[in-house]
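S.K.: In the working numbering, the protein residues as written are 7 to 315. From the three backbone atoms N, C-alpha and C, an ideal C-beta is built for every residue, glycine too. It should be emphasised that the depicted structure is a prediction, and the values quoted were computed from it without experimental measurement. Pasting in a structure now, in C-alpha cells, and then I'll have a few things to ask.
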C-alpha cells in the first residue's frame, strides 16, 4: 500500500471519527451502554449519517475538505451546502442500490451493514437530507402545520429508524414515535431560538408570533419580554401534549428498549421543565435540565407507562 493511499485512508477514518465523536455532546445518549452491542453499533451508524447531514446543512464541516473529497465535490463547491447535500444523497443511493457501486463516504460505508441487517428503507434517510435542503431555502414558518411538516422530515425519521433497528415498528408505534420526535424537535427549537436567529432561521410559527405580539426584533433582545415568554410557554405546552402521546409507546415495549424510549420522553419533559424554571426566557441561552431532573422525569415516565400499559 502506497504512502498516499495510507494517508487518504487515515484521513477518511479521522473524518468519520470526528463526526461520531459529537455524540457525546448531544442532549440525549445516542447509544447508551445498557443496550445490546448490536443495537448500539447500528444506532451509532445511523447517528453518523444524521450528524453529518446536519453538519452539511449548518455549514459546520471540519476545515480541509475531507468530506467534499469523499463525495467527489470540487473544492470550489465545497462551501455550497446544496451541492454537498445533493452529492451526499447521490452517495446514499449506493447504500440501497448495490449495482451503483460502493458508497464513497466512510460513514455511508459504515451504514451498509446496518441497512442490510435491519432491512431499513431509504425514505427516513432521504427525509433527513430533504429537511436540511429545506433549511437552505425556507427560514421562516407561517403556521404550526408548516412547522409540523418540517418536523416530519427533520425529526420523525430518527424515531422510525430506532424502531426499525430494534425490530419494533408498527403503525401505532410509528404514529406515537412521530409525536415524540416532533415534540423533541420543537423543544430543541425553543431552547435554541437565539442560536437559530443567528443563522437567520426562526422556527416559531409567524401566526403565533403575531398572536402574542412578538416581532423578530424581540427575539434578538438579550432577554425575553413578557410577550416572548408567553409565546414560549404556549409552544412548550403544545410540545408537552405531544410528549404525552409517547407514554403508551413506552408501555408497549419491554426491557432495555423501554428504558431507551423512556429516556427520550423523559428527556423532553426535563428540557421543558428547565425552560419553565427559566421563566420561559430562552433568549439568554438554552435552558438545560440537571441530571437529577432528567432521572426523575424518566422515572415518572416509566411509572406512568406501567400504570397505563
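Inspect the beta-carbon positions of residue 169 and residue 186 and report whether they are closer than 8 Å.
M.R.: No.
S.K.: Cutting at 7 Å between CB atoms, please list the residues of its own chain near residue 88, excluding the five before and the five after it.
M.R.: These residues qualify, in order along the chain: 139, 142.
S.K.: Look at residue 280 and residue 294 and say whether their C-beta atoms are less than 8 Å apart.
M.R.: yes
S.K.: To the nearest whole angstrom, what separates the beta carbons of residue 48 and residue 120, a pair I think is in contact under 8 Å?
M.R.: 4 Å
S.K.: Between the beta-carbon of residue 90 and the beta-carbon of residue 82, is there less than 8 Å?
M.R.: no
S.K.: Can you list, in chain order, the residues of its chain whose CB lies under 8 Å from that of residue 102, leaving out five sequence neighbours each side?
M.R.: 121, 128
S.K.: Checking 8 Å against the spacing of the C-beta atoms, do residue 208 and residue 146 come in under that value?
M.R.: yes
S.K.: Out of 110, 239, 130, 104, which one is the CA nearest neighbour of residue 215?
M.R.: It is 239 whose Cα lies nearest to the Cα of residue 215.
S.K.: Which of helix, strand or coil does DSSP assign to residue 266?
M.R.: helix
S.K.: Going by alpha carbons, who is nearest to residue 133 out of 51, 196, 205, 60?
M.R.: Ranking 51, 196, 205, 60 by Cα distance to residue 133 puts 60 first.
S.K.: Can at least three beta-carbon pairs, one atom from the region 38 to 46 and one from the region 260 to 268, be found at a separation below 8 Å?
M.R.: Yes, the region 38 to 46 touches the region 260 to 268.
S.K.: Just reading off the alpha helix (DSSP H) that residue 40 is part of, what are its end residues?
M.R.: Taken as a continuous stretch (DSSP letters only), residue 40 belongs to no alpha helix (DSSP H), as it is neither H nor E.
S.K.: Taking the beta carbon of residue 188 as the centre, do at least 16 other beta carbons fall within 10 Å, making it buried, or is it exposed?
M.R.: buried
S.K.: Relative to the C-alpha of residue 151, which residue among 210, 196, 63 is closest?
M.R.: 210
S.K.: Quick one: which unbroken alpha helix (DSSP H) runs of 4-plus residues sit fully inside the region 174 to 236? Chain order, please.
M.R.: 177 to 197, 199 to 204, 212 to 218, 222 to 225
S.K.: Run through DSSP, which three-state label would residue 314 get?
M.R.: helix
S.K.: Between residue 14 and residue 77, what straight-line distance do the alpha-carbon atoms span, to the nearest angstrom?
M.R.: For residue 14, the predicted structure reports a pLDDT of 45, less than 50, and the residue's modelled location is therefore unreliable. A value from the coordinates is still provided. Answer to the nearest angstrom: the Cα atoms are 14 Å apart.
S.K.: Alpha carbon to alpha carbon, how far is residue 44 from residue 93? Give it in angstroms, no decimals.
M.R.: 29 Å
S.K.: What do you get for residue 260, buried or exposed, if any count of 16 or more other CB atoms within 10 angstroms of its CB means buried?
M.R.: exposed
S.K.: Taking the CB atoms as reference points, tell me whether residue 130 and residue 190 lie closer together than 8 Å.
M.R.: No, they are not a contact pair.
S.K.: Quick check on residue 172: does DSSP put it in helix, strand or coil?
M.R.: helix
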